[in-house]
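Working notes for the structure below.
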Amino acid sequence: MVRVNNFGNDKKKEDWELPLFDFNTIANATNNFSDDCKLGEGGFGPVHKKYTIPRSFHFMGTEFVVCKSTNIHLSKNIYFLGILEDGKEISVKRHSRKSKQGLDEFQNEVKCIAKLQHRNLVKILGCCVDEDERMLIYEYMPNKSLNSFIFDEGKRKLIDWSKRYTIIIGIGRGLLCLHQDSRLRIIHRDLKASNILLDKDMNPRISDFGWTRSLDGNDTKANTRRVMGT
Numbered sequence: 001m002v003r004v005n006n007f008g009n010d011k012k013k014e015d016w017e018l019p020l021f022d023f024n025t026i027a028n029a030t031n032n033f034s035d036d037c038k039l040g041e042g043g044f045g046p047v048h049k050k051y052t053i054p055r056s057f058h059f060m061g062t063e064f065v066v067c068k069s070t071n072i073h074l075s076k077n078i079y080f081l082g083i084l085e086d087g088k089e090i091s092v093k094r095h096s097r098k099s100k101q102g103l104d105e106f107q108n109e110v111k112c113i114a115k116l117q118h119r120n121l122v123k124i125l126g127c128c129v130d131e132d133e134r135m136l137i138y139e140y141m142p143n144k145s146l147n148s149f150i151f152d153e154g155k156r157k158l159i160d161w162s163k164r165y166t167i168i169i170g171i172g173r174g175l176l177c178l179h180q181d182s183r184l185r186i187i188h189r190d191l192k193a194s195n196i197l198l199d200k201d202m203n204p205r206i207s208d209f210g211w212t213r214s215l216d217g218n219d220t221k222a223n224t225r226r227v228m229g230t
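Anchor point for the sequence shown: position 167 equals 167 in the UniProt record's numbering, and the numbering is continuous, going up by one each time.
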């Protein structure tokens, strides 16, 4: 399952702290990344962004800083449904080849995600690195995203207020894990309905940690001048 000869930079299997999938394994699982297996697309990050000078305002005693951005061009990650040889369904996040994220940065992201274990966070199963390919392998969530229920009139009726309350509580628990309870306290920075996935029992799982930022030391809050997410 593992291919280690194309990593470069003297990267070895043991450096990654989680399973490494061979490229051919993932290609076969996704029918060679067929459009029929495509689950969706997401913005990875800015190829170019231009900012105006941040301005601040106060509301109810709290200062807010707003940065306006223009000329945003996002490279795209593509998500695929894959089925391994043993029948296990997986979700494959294929990073855009236009991304400027290097191998070291990708490995740091993988290690960070691998340490996040909670019932309301999507579980990572492994990754695939092959020359200029960067892929993350997650457990598959059969009910797709919360976004697909909120904005679909037919599906919207399937989640009553009791279930919505349960989903909200689950999201809150996942965020509490990220912010306070995990060894690496993390700010997600791109939390939205499309990044809340639903398992077979409609339990929420926070996903897509490409924009995350770690808190330093004993910090409980952080400021950023960068406009993140999509």
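Positions of the beta carbon are idealized from the N, C-alpha and C atoms, including for glycine.
| Contact check, His95 vs Asn108 under 8 Å by CB: the rounded distance? | With a Cβ gap of about 14 Å, His95 and Asn108 do not count as contacting.
| field | Within 8 Å, strictly: CB atoms of Leu121 and Glu139 | value | no
| query | Is Lys123 helix, strand or coil when you go by DSSP? | reply | coil
| query | Does DSSP classify Asn32 as helix, strand or coil? | reply | coil
| query | Expressed to the nearest angstrom, what Euclidean distance is found between the alpha-carbon atoms of Leu39 and Asp181? | reply | 31 Å
| message | Ile196 and Ile171 - do their beta-carbons sit closer together than 8 Å? | response | yes
| request: Could you check what DSSP says for Ser182 in three-state terms: helix, strand or coil? | output: coil
| field | C-alpha distance - Leu175 paired with Asn24, whole-angstrom precision | value | 35 Å
| request: Report the three-state DSSP secondary structure of Glu153 (helix, strand or coil). | output: helix
| query | Within 10 angstroms of its Cβ, does Arg97 collect 16 or more other Cβ (buried), or is it exposed? | reply | exposed
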